[in-house]
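Numbering (UniProt numbering), first residue to last: 1 to 732. Backbone N, C-alpha and C define an ideal beta-carbon position, used for all residues, glycine too.
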Amino acid sequence: MNFQDCHEEQIHIPSHIQSYGYLIGLDSHKTIQFYSENILEIFDVDEEILGKQFEDYSNLFQKILKSYSYKNVDANPKETTKDLDKIILKDKEYHLTVYKFKGLIYIELEEYTKKQISRNTIYRGIKEIQAAKTEDEIWVALVHNICKITNYDRVMIYKFMNDGSGKVIAEQKHDHMESYMHLYYPESDIPKQARALYLLNYKRIFSDVHSKPVPVKSNLKEIDLTYSTVRAMSPIHAVYIKNSGASSSFSTSIIVDNKLWGLVTCHNTEAKHIDLFNRIQAEICTVMAANAYSSIKSQMIMENEALFTLKSIQLKNRLYQYDNLKESLFQNLNTVLEISHADGFAVAFEDEIEAAGETPSHEVIQNVVKWARKHLTTSFYTNHAFALKYYDEIPGLNLLCSGVAISFLGKERSKMLIWFRKEFREHIDWAGNPEKKEVNVLDFYDQKKKVISPRTSFMVFSEEIQGKSKYWSKKDILEIRKIHDTILETVQYQFEKVSLLNKELSQVNEELDSFSHTLSHDLATPLTVIKLNVQMLGKNKTDEAEKSKIDYILNEIDNMSTMMSNVLQLSRMKHSEYQLQKINPRGFIEKICEDSKLSYNSFTDIYIGPTPEIMGENTLLYQLFQNLITNAVKYSSQQENPKVEIRGKENGQWVVYEITDNGIGIPEQERENVFKLFKRFDNAKSFVGSGVGLSIAQSVMKKLSGKLTFESQENVGTTFILKFQKPMQDLN
């Protein structure tokens, strides 16, 4: 005896029809290839007609042959287009449906009943659906009108959830019946092949679950009844309906965005057939309701998208305020979180992590980052049961990371965005225990098969869902992807901004080279001539006032010469390559200190502390310390007790030197301009200088792959901090 699971059953080729219908099938040559054995009830067939020409029996099938539906079947541009007619056979009226499918012509008949819904009732029902303003109102209006059309005991709207299960969201029933409202049904109640069929054929009826299906006699191996209105239902489904306490069922498909959104499901305690006309009207009402829902949904989507777009623009503007991606993200964690449907948000940038909102510890986030970099093969990932699934694999997972969404920025996977959702506890009432399954033997059209039996009990079974977050909806995922794209746009913007700055910098450097050339060739000689002539004038002057003026002129000429020399040094520096070596700078530091004291104030107290070895080049280091020590002595020279301290120390992979003075300090508002060329501050105007020295110092540190920073307080003093590479043997 073969075992068959529910999802393996080929429900579209049952080789049987329901007893209320009749079926004849023709090939493209109008040869009879199959027919239901009950056609003898309505046609006086006294010989075997299988394999015969249908039109050869013009007397027997006269009403069909003369019908519009049959005559027009070849003219339909699309297969499965159904033409409906009404014919009279043996003094009874029958609905006639003719259509083509897979090269075959299907002729279906079912008896016409007098219990047809009035057109006024249909019109009022459609108007009621169109007048609905909310989703709930639409489905209430739909069940109300389907109830009128079918007159079934119970009508429900069954919505498919994200996990494939279904939930009753609207219901109309007789007062004495138990309500199924808000109950959940497991995914297995409607197997995947049934859902696929419901997307093709929007309505189906099971008039009498106790009635024996009618065999179809055929020359063909299989007869595809996908679009048939008389197809026999699955024996498994028949048992399911019986177990629910019903004898008849009818359903229509709710199609939204070309997907099976849900079902209108109708149950009746007694066997009951619904006329084909009424079934079509129920289908039309369902389509109208689905369209009304789509309209409301589209309006909500438009409003949400407009609001999200506005927030995205605000986020983009905030991200654009920074010059690099890391700072942009780290400074806007809360902004990203505010427009995300998440409880927490984290950014992993190389080995750095910053987080906002309700997130696990940095250590746990780091573990998640390591796991993602190792195991994820796609650039985007979501899971609403992350902590449950990977609790034993990732150390430290807790309820704050019950759900995660992960997005990589770039192919190198070093930059990562992580959204966290905490646990969302949920109480679910199932229509029967979804986990309870039994194997039984069922009769499949006179064949015995072992199957997983449908549930025998629909008694409410309660379940508490723990350890999972809210499901990541399509809307959530779309918005996260848009945030990801906004951040990538920021990367592009910052790249273009840096490229433009580099271009401008290149132009400035070219101008500086040209300016340096002018200084060295066009100004140096005239300046020397001027100085010589002024000196000659000074030799013949005895008046002290005049001599003072000449000395002033000579000092200014010397200042100009110094400025020209500094600019030339700065220009030449960027074109030179240097071989770094291990150097102890103490010797030239001491010389620079002595020279500076002679130049500015011989009473400056200079302390030279430890001077550990650094990686550098003699000329560059001399220029560096000369500029910084000279500045320290100069700008503290007017203090009552001028002091300068120079000391070095090892700090990890760096050697750090600090040059501290108690001079005039740097104004708060000017700190971002410290290293700009020719920049001099108002509190330094009384000191001689060119505004080039600190630019040279910064250029030297870049050449040495070091870092130059400072700390300063106006009228208190300044400390320049120099971070040099530690010699390799020290690192080892």
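(request) Determine, using beta carbons only, whether Thr456 and Asn243 come nearer to each other than 8 Å. (result) The residue given as residue 456 occupies position 456 in the sequence shown. The residue given as residue 243 occupies position 243 in the sequence shown. Yes; because the gap between Cβ atoms is below 8 Å, this pair is in contact.
(message) If you measure between the beta carbons of Tyr381 and Ile406, is that distance less than 8 Å?
(response) The count along the sequence shown starts at 1 and reaches residue 381 at position 381. The count along the sequence shown starts at 1 and reaches residue 406 at position 406. Yes.
(request) Give every residue of the same chain whose Cβ lies closer than 6 Å to the Cβ of Phe458, excluding the five residues on either side of it in the sequence, and list them in chain order. (result) Locating residue 458 in the sequence shown gives position 458, counting from the first residue. Closer than 6 Å at the Cβ level, and outside the excluded window around Phe458, lie Ser244, Ala431, Gly432.
(request) Could you tell me whether any non-hydrogen atom of the ligand NAD is closer than 7 Å to the CB of Asn324? (result) For the ligand NAD, the structure offers nothing, since it holds no ligand at all.
(message) Going by C-alpha to C-alpha distance, which of Leu580, Asn584, Val633 sits closest to Lys597?
(response) Locating residue 597 in the sequence shown gives position 597, where the first residue counts as 1. Of the candidates Leu580, Asn584, Val633, the one whose C-alpha sits nearest the C-alpha of Lys597 is Val633.
(message) Looking only at its chain, what residues have a beta carbon closer than 6 Å to the beta carbon of Ile49, apart from the 5 residues adjacent to it on each side?
(response) Here the question's residue 49 lines up with position 49 in the sequence shown. Result list for Ile49: Ile32, in chain order.
(message) Can you list, in chain order, the residues of its chain with a C-beta nearer than 8 Å to that of Leu722? Leave out the 5 residues immediately preceding and following it.
(response) As a first step, residue 722 is located in the sequence shown; it is residue number 722 there, counting from the start. So the list reads Leu624, Leu628, Val656, Tyr657, Glu658, Ile659, Met701, Gly706, Lys707, Leu708, once near-sequence residues are dropped.
(request) Note down the Cα distance separating Gly650 from Pro585, rounded to an integer number of angstroms. (result) Numbered from its first residue, the sequence shown carries residue 650 at position 650. Numbered from its first residue, the sequence shown carries residue 585 at position 585. Contrary to the premise, residue 650 reads as Glu rather than Gly in this sequence. Their Cα atoms are separated by approximately 14 Å.
(message) Could you tell me the alpha carbon to alpha carbon distance between Thr490 and Ser295, rounded to whole angstroms?
(response) As a position in the sequence shown, residue 490 is number 490, starting the count at 1. As a position in the sequence shown, residue 295 is number 295, starting the count at 1. The straight-line gap from Cα to Cα measures roughly 35 Å.
(request) Please specify which runs of the alpha helix (DSSP H), each continuous and at least 4 residues long, are wholly inside the region 588-668, giving them in chain order. (result) 618-636
(message) Can you tell me whether Asp392 is helix, strand or coil according to DSSP?
(response) As a first step, residue 392 must be located in the sequence shown, where it is residue number 392. Coil.
(request) May I have a chain-ordered list of the alpha helix (DSSP H) segments no shorter than 4 residues that lie completely inside the region 328-387? (result) 333-338, 362-375
(message) Just to confirm before moving on: does the CB-CB distance between Ala290 and Ile254 stay below 8 Å?
(response) The residue you call residue 290 lines up with position 290 of the sequence shown. The residue you call residue 254 lines up with position 254 of the sequence shown. Yes, the Cβ-Cβ distance between Ala290 and Ile254 is below 8 Å.
(message) Tell me which residues share the same chain as Val73 and place their Cβ nearer than 8 Å to its Cβ, disregarding the 5 neighbours each side in the sequence.
(response) The residue given as residue 73 occupies position 73 in the sequence shown. Answer for Val73: Asp83, Val98, Tyr99, Lys100, Ile105, listed in chain order.
(request) Please classify Asn533: is it buried, with 16 or more other beta-carbons within 10 angstroms of its beta-carbon, or exposed? (result) Here residue 533 refers to the residue found at position 533 of the sequence shown. Asn533 should be labelled exposed.
(request) Determine which residues share a DSSP beta bridge with His427 and list them. (result) For the purposes of this step, residue 427 is taken as residue 427 along the sequence shown, with counting starting at 1. Paired residues: Glu464.
(message) Could you tell me the alpha carbon to alpha carbon distance between Glu111 and Tyr22, rounded to whole angstroms?
(response) Numbered from 1 along the sequence shown, position 111 holds the residue referred to as residue 111. Numbered from 1 along the sequence shown, position 22 holds the residue referred to as residue 22. Roughly 9 Å separates the two Cα atoms.
(request) Determine the direct distance from the alpha carbon of Ile313 to that of residue 808, and round the result to whole angstroms. (result) Any property of residue 808 remains undetermined from this structure, which presents the chain solely from 1 to 732.
(request) Could you check the C-alpha separation between Met288 and Ile280 for me, to the nearest Å? (result) Numbered from its first residue, the sequence shown carries residue 288 at position 288. Numbered from its first residue, the sequence shown carries residue 280 at position 280. The straight-line gap from Cα to Cα measures roughly 12 Å.
(message) Between the region 396-410 and the region 140-154, can you find at least three pairs of beta-carbon atoms closer than 8 Å?
(response) no
(message) Could you give the first and the last residue of the continuous alpha helix (DSSP H) run that contains Phe285?
(response) For this step, residue 285 is matched to residue 285 along the sequence shown. Correcting the residue identity first, residue 285 is Cys in this sequence and not Phe. First-last of the alpha helix (DSSP H) with Cys285: 276-319.
(request) Count the other CB atoms, across all protein chains shown, that sit within 10 Å of the CB of Asn162; report buried if there are 16 or more and exposed otherwise. (result) In the sequence shown, residue 162 corresponds to position 162, counting from 1. That one is exposed.
(request) Please go through the region 114-159 and give each complete alpha helix (DSSP H) segment of 4 or more residues, from N-terminal end onward. (result) 119-131, 135-150
(request) Counting only the same chain and skipping the five closest in sequence on each side, list residues whose C-beta sits under 6 Å from that of Phe588. (result) The sequence position of residue 588 within the sequence shown is 588, counting from 1. These residues qualify, in order along the chain: Tyr622.
(message) I need the straight-line Cα distance from Glu178 to Ala346, nearest angstrom please.
(response) Working through the sequence shown from its first residue, we reach residue 178 at position 178. Working through the sequence shown from its first residue, we reach residue 346 at position 346. Going by the C-alpha atoms only, they are around 48 Å apart.
(request) Report buried or exposed for Asn332, applying the criterion of at least 16 other Cβ atoms within 10 angstroms of its Cβ. (result) Start at 1 with the first residue of the sequence shown, and residue 332 comes out as number 332. Burial call: buried.
(request) Would you tell me roughly how many angstroms separate the C-alpha atoms of Ser344 and Ser402, rounded to the nearest one? (result) As a working note, residue 344 is residue 344 in the sequence shown. As a working note, residue 402 is residue 402 in the sequence shown. Note on residue identity: the sequence assigns Gly, not Ser, to residue 344. About 11 Å.
(request) Provide the residue span of the alpha helix (DSSP H) that contains Tyr68, from first to last. (result) Here residue 68 refers to the residue found at position 68 of the sequence shown. First-last of the alpha helix (DSSP H) with Tyr68: 68-72.
(request) Provide the residue(s) that pair with Ile32 in DSSP beta bridges, ordered along the chain. (result) As a first step, residue 32 must be located in the sequence shown, where it is residue number 32. Answer is Leu26, bridged to Ile32.
(message) I need the boundaries of the beta strand (DSSP E) containing Met701, first residue and last residue.
(response) For the purposes of this step, residue 701 is taken as the residue at position 701 of the sequence shown. Careful: Met701 lies outside any beta strand (DSSP E), inside the alpha helix (DSSP H) at 693-703.
(request) Within 10 angstroms of the Cβ of Leu109, are there 16 or more other Cβ atoms? Answer buried if so, exposed if not. (result) As a working note, residue 109 is residue 109 in the sequence shown. When all chains shown are included, Leu109 counts as buried.
(message) Classify Lys370: buried if its beta carbon has 16 or more other beta carbons within 10 angstroms, exposed otherwise.
(response) Your numbering for residue 370 matches position 370 in the sequence shown. Classification of Lys370: exposed, given that the 10 Å Cβ count is below 16.
(request) Determine the burial state of Leu488: buried for a count of at least 16 other Cβ atoms within 10 Å of its Cβ, exposed for fewer. (result) Taking the sequence shown and counting its residues from 1, the one referred to as residue 488 is at position 488. Answer is exposed; the Cβ neighbour count stays below 16.
(request) Over the uninterrupted alpha helix (DSSP H) stretch that includes Ile64, give me the two end residues. (result) Indexing the sequence shown from 1 puts residue 64 at position 64. Note, Ile64: alpha helix (DSSP H), 62-65.
(message) Only counting the same chain, and skipping five residues up and downstream in sequence, which positions put a Cβ closer than 7 Å to that of Glu426?
(response) Here residue 426 refers to the residue found at position 426 of the sequence shown. Ile465, listed in sequence order.
(request) Please look up how many angstroms separate the CB atoms of Lys63 and Ile88, rounded, as I've assumed it's under 8 Å. (result) Locating residue 63 in the sequence shown gives position 63, where the first residue counts as 1. Locating residue 88 in the sequence shown gives position 88, where the first residue counts as 1. Right, their Cβ atoms sit about 7 Å apart.
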